[in-house]
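Enquirer: Input: one structure, supplied below.
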Amino acid sequence: MRKITSVMLILVLLSLGTVQGETWSTVLLVSPINTTQLYVVTNGFTSYKTDGHSVTFSSKWSGGSLETGAFQITANPWLTVTSSAPLSVKNLSPKEFLVTALDQVAVVLPNVDVDVQTTTEIITPTSSETPTLPETPTNTETPTEVVPTPPVVTPSIEPGIGLYDPQTLQLAIEFRLGKINRQVPAATVVQIATSVSRWANYFNLDPFLVIGLIEMESGFNPNAVSTSSAVGLMQILESNFYSYAATLGVKSDPFDVDSNVAVGCKMLSNSMVTWQRPFMALRSYLLGSTGLMNSILAGSDAADSKGTQSMNYANVVLNIRNSIYQYFNLTPPKEQYVVVLDPGHGGYNPSNGMYNMGAIGLNGIYESEVVLDISQKVADILRSNGLTVQMTRTKEKDKSNPYDLEDRIRLAESFKPNIFLSIHANSFTSSTANGVETYWRTWQSKWFATTVHNAYLKQVQLKDRGVKQDTTLFMLKGETYPSAMIEVGFITNPVDYALLSTPEGRTKAAQGIAKGILQFMGIDVKPLDR
Ligand SMILES: [Zn+2]
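As structure tokens, this is what we get:
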């Protein structure tokens with residue numbers, strides 16, 4: 004990500020009332036990106052005079068869409084910028100500005116003296132909202148002091164880094180406010196931008212996704228309260244809010260912007276760890292993970308208490324996010340997912356020159372051979388649905404197959420999995436034992452294990468031995484992605500063996516497993532490419 008540390012923004016917000024009282028004009032003065040040019044970002048405004056070293060702006064509304072007399076800017080001049088270096092002025096759209104800013108490397112700011120004159124006469128707010136006056140930068144080393152620093156101690160954020168830069172986010176929020184024709188005090192916009200910057204960065208979330216979620220949930224209103232007692236910007240249930248706020252060490256006040264955004268980002272982050280894909284994480288934000296799980300298993304699109312359908316909800320938020328990327332002339336992140344399949348056993352042990360073939364079933368069938376074949380068929384189906392699939396081994400009796408479990412999980416994690424599934428077959432001394440069981444280890448993996456287990460069972464119609472937690476399974480110890488181990492049946496039982504020993508049966512088994520993975524990722528209901 005490129006730096007725009009050197010960019011200094013002075014935000015001047017003019018609140019212009021029409022008869023309807025809902026129109027804003029935003030003027031951003033950007034001072035300066037390099038030593039000789041003053042960049043002005045404007046939305047509906049601007050004329051200026053310059054004598055080379057100072058530039059004086061006049062406030063003149065040139066748009067014809069507002070009713071005459073509904074607003075007045077009478078005092079001129081209202082803003083003068085002076086510099087010892089010769090200045091020229093470049094007028095950019097917000098989009099052009101961002102592109103320009105992102106293209107600049109750090110430059111030393113000249114000593115520019117900005118004098119904002121008579122702004123109180125000019126600004127004519129029509130509501131009780133008081134736009135903040137721009138702060139005058141006093142030196143070249145602290146450009147982000149324009150934005151007040153929240154009191155919370157936790158994450159440290161390097162200012163001025165690309166998408167997470169508070170000023171970038173401020174522009175993004177203003178863009179969205181214009182889109183939904185909503186008026187929010189400038190100070191609140193700054194607060195929201197600053198908080199999203201801190202917490203989206205802290206939880207490694209797409210900040211534009213967080214802005215989309217804020218817009219969807221509360222329309223950028225920090226005091227929003229829903230009928231179901233969801234409170235604040237990201238509309239969090241009070242019971243959730245207080246417990247998360249305590250663990251995050253933020254204020255126990257759901258109407259405090261920074262605290263509320265902190266908790267909202269934490270909850271979205273949890274959803275992202277469990278569901279990996281923004282589309283699914285957003286549905287989970289609306290329904291809760293249990294609700295989303297039930298919705299998947301029922302094959303329906305559940306709604307929240309107000310009747311909001313989760314798929315539509317997720318798509319709206321994603322569309323808002325994408326519109327912000329487009330506004331900045333940036334490409335939204337492309338979703339690419341890595342599924343790591345681990346066909347159990349098959350490892351080569353160099354110390355004795357033997358392969359680990361796993362269990363031995365009826366007619367001398369090997370577990371390692373059964374699960375490799377099924378895994379490869381699963382991989383084919385997933386790849387044809389646009390997923391990237393990696394495997395911890397692709398051959399029987401290959402000396403490169405990992406034997407040691409440490410080596411095996413190191414290999415698996417080197418692929419940076421979004422989800423991980425280990426595929427095994429069961430055995431027992433008695434041939435009567437039969438059926439399917441699926442294991443998960445850490446909290447984020449329960450729903451993944453359950454989805455795969457249920458989809459597989461539905462397909463193969465074997466006995467259900469349940470979905471179980473086992474905190475000792477070594478291969479399932481990853482904590483940033485869901486992982487599970489499925490035992491696809493007993494190769495020592497005639498009924499299960501009938502399925503697992505034939506190509507047709509293994510295809511059927513693979514279809515069940517693949518279906519579960521696709522359902523879990525919501526790929527059975529939505530195109531991958533968004
Ligand atoms: Zn095994």
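Throughout, the numbering used here is defined as the position within the sequence shown, counted from one, plus 3.
We treat Cβ as the ideally placed atom computed from N, Cα and C, and that holds for glycine.
This structure is a prediction, so every number in the text was calculated from the model and none was measured.
By the three-class DSSP mapping on this structure, what secondary structure does A284 have?
Expert: Along the sequence shown, one-based indexing puts residue 284 at 281. Look at A284 here: in three-state DSSP terms it is helix.
Enquirer: Within 7 Å: the Cβ of H427 and any heavy atom of ligand 1?
Expert: Translated into the one-based positions of the sequence shown, residue 427 becomes position 424. Yes - ligand 1 has a heavy atom lying nearer than 7 Å to the Cβ of H427.
Enquirer: Kindly confirm or deny that the stretch 495–515 and the stretch 271–278 touch, where touching means at least three C-beta pairs closer than 8 Å.
Expert: no
Enquirer: Since G364 contacts Y500 with CB under 8 Å, what's their CB separation in whole angstroms?
Expert: Position 361 of the sequence shown, counted from the start, is the residue given in the question as residue 364. Position 497 of the sequence shown, counted from the start, is the residue given in the question as residue 500. Between Y500 and G364 the Cβ distance is about 6 Å, and since that is below 8 Å, they are a contact.
Enquirer: Could you name each continuous beta strand (DSSP E) segment of 3 residues or more that falls completely within the stretch 438–526, going from the start of the chain to the end?
Expert: Qualifying beta strand (DSSP E) stretches, in chain order: 439–443, 467–472, 486–493.
Enquirer: Are the beta-carbon atoms belonging to V199 and V213 less than 8 Å from one another?
Expert: In the sequence shown, residue 199 corresponds to position 196, counting from 1. In the sequence shown, residue 213 corresponds to position 210, counting from 1. Contact flag set, yes.
Enquirer: Can you round the beta-carbon distance between S313 and L295 to whole angstroms, since I take them to be within the 8 Å contact cut?
Expert: What you label residue 313 is simply residue 310 of the sequence shown in a count that begins at 1. What you label residue 295 is simply residue 292 of the sequence shown in a count that begins at 1. Confirmed, Cβ separation roughly 7 Å.
Enquirer: State yes or no: is the C-beta of L344 within less than 8 Å of the C-beta of I426?
Expert: Taking the sequence shown and counting its residues from 1, the one referred to as residue 344 is at position 341. Taking the sequence shown and counting its residues from 1, the one referred to as residue 426 is at position 423. Yes, Cβ-Cβ distance for L344 and I426 is below 8 Å.
Enquirer: Within 7 Å: the Cβ of E370 and any heavy atom of ligand 1?
Expert: Reading the sequence shown from its first residue, position 367 is the one you call residue 370. E370: yes, Cβ under 7 Å from ligand 1.
Enquirer: Within 10 Å of its beta-carbon, does S486 have 16 or more other beta-carbons around it, so buried, or fewer, so exposed?
Expert: Your numbering for residue 486 matches position 483 in the sequence shown. Counting Cβ neighbours within 10 Å, S486 comes out buried, since at least 16 surround it.
Enquirer: What does the alpha-carbon distance come out to for the pair V373 and Y288?
Expert: Counted from its first residue, the sequence shown places residue 373 at position 370. Counted from its first residue, the sequence shown places residue 288 at position 285. Going by the C-alpha atoms only, they are around 39 Å apart.
Enquirer: Rounded to the nearest angstrom, how far is the Cβ of Q279 from that of Y484, given a contact under 8 Å?
Expert: Translated into the one-based positions of the sequence shown, residue 279 becomes position 276. Translated into the one-based positions of the sequence shown, residue 484 becomes position 481. Sure, about 7 Å apart at Cβ, within 8 Å.
Enquirer: CB V260 to CB P225, shorter than 8 Å?
Expert: As a working mapping, residue 260 is identified with position 257 in the sequence shown. As a working mapping, residue 225 is identified with position 222 in the sequence shown. Contact flag set, yes.
Enquirer: Using alpha carbons as the reference points, say which of N204, R444, K511 lies closest to L465.
Expert: Locating residue 465 in the sequence shown gives position 462, counting from the first residue. Taking only the C-alpha atoms, the option nearest L465 is K511.
Enquirer: Are at least three pairs of beta-carbons, each pair with one atom in the stretch 474–482 and one in the stretch 404–422, less than 8 Å apart?
Expert: yes
Enquirer: Determine whether the beta carbon atoms of V235 and S255 lie at a separation below 8 Å.
Expert: Looking up residue 235 in the sequence shown gives position 232. Looking up residue 255 in the sequence shown gives position 252. Looking at the sequence shown, residue 235 is not Val but Gly. Cβ distance not < 8 Å, so G235 and S255 don't count as in contact.
Enquirer: Taking the alpha carbon of P335 as the reference point, which residue from P210, N315, N404 has its own alpha carbon closest?
Expert: Walking along the sequence shown from the start, residue 335 turns up at place 332. If we check each option's Cα against that of P335, P210 comes out closest.
Enquirer: Taking three-plus beta-carbon pairs below 8 Å as touching, is the stretch 388–406 in contact with the stretch 349–360?
Expert: yes
Enquirer: Please state whether DSSP places P346 in a helix, a strand or coil.
Expert: Position 343 of the sequence shown, counted from the first residue, corresponds to residue 346. If DSSP states are grouped into helix, strand and coil, P346 belongs with the strands.
Enquirer: From Q462 to D168, what distance separates their C-alpha atoms?
Expert: Here residue 462 refers to the residue found at position 459 of the sequence shown. Here residue 168 refers to the residue found at position 165 of the sequence shown. Rounded to whole angstroms, Q462 to D168 spans 49 Å at the Cα level.
Enquirer: Taking DSSP's pairing of strands, which residues face Q312 in a bridge?
Expert: Residue 312 sits at position 309 when you count from the first residue of the sequence shown. A306.
Enquirer: Among S229, L208, A249, G267, which residue has its Cα nearest to the Cα of M237?
Expert: As a first step, residue 237 is located in the sequence shown; it is residue number 234 there, counting from the start. Considering only alpha carbons, the answer is G267.
Enquirer: Between the stretch 385–395 and the stretch 317–337, are three or more C-beta pairs nearer than 8 Å?
Expert: no
Enquirer: Could you tell me the distance, in whole angstroms, from the CA atom of A203 to the CA atom of S262?
Expert: Taking the sequence shown and counting its residues from 1, one reaches residue 203 at position 200. Taking the sequence shown and counting its residues from 1, one reaches residue 262 at position 259. Cα atoms of A203 and S262: separation of roughly 13 Å, rounded to the nearest angstrom.
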